[in-house]
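Numbering (our numbering), first residue to last: 392 to 526. Yeah, the Cβ is synthetic: ideal placement off N, Cα and C, and Gly gets one too. These numbers were taken from a predicted model, which means no experiment stands behind them. Here is the structure we will look at.
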């Protein structure tokens, strides 16, 4: 009797195990699961490709810097380039409320007129861009 019970229990366990294994495999083969797997692989491949491209770009940049240093040493041009000082626009408010713009503090202020009362970098001075204004 124990022998029959043992084999019966072993058969039930094997059937449950096989059924579970088959159901898992069927779920893996559904179109949604296959699409998700393909998308995950594509994302992983894209990340690997991006990492390789970034690594290549960094290697090229290092090589360029090394070669540039070699050429500078060979030609004897090792000084740092000097850039011109940036232009500064300073707004000075007059006693009547108009603004005058000065280019660098060493130059005299521009006379107040319609063109320098607005931002000097504005391509259309005098044009209002405020849509809430009455026209």
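Within the same chain, show all residues whose beta-carbon is closer than 8 Å to that of residue i, passing over the 5 residues directly before and after it, in chain order.
{"i": "residue 429", "result": "none"}
Under the assumption that residue i contacts residue j (Cβ atoms under 8 Å), give the Cβ distance between them as a whole number of angstroms.
{"i": "residue 418", "j": "residue 424", "result": "6 Å"}
Any idea what DSSP makes of residue i, helix, strand or coil?
{"i": "residue 473", "result": "coil"}
{"i": "residue 406", "result": "helix"}
{"i": "residue 505", "result": "In this predicted model, residue 505 has a pLDDT of only 47, less than 50, meaning its place in the structure is not dependable enough to derive any value."}
Taking residue i as part of the alpha helix (DSSP H), name the residues at either end of that continuous run.
{"i": "residue 449", "result": "422-466"}
For residue i, collect the residues of the same chain with a Cβ closer than 6 Å to its Cβ; drop the 5 residues on either side in sequence, then sort them by chain order.
{"i": "residue 400", "result": "none"}
Can you find the residues in the same chain that come closer than 7 Å, C-beta to C-beta, to residue i, ignoring five residues on each side of it along the sequence?
{"i": "residue 398", "result": "none"}
{"i": "residue 474", "result": "none"}
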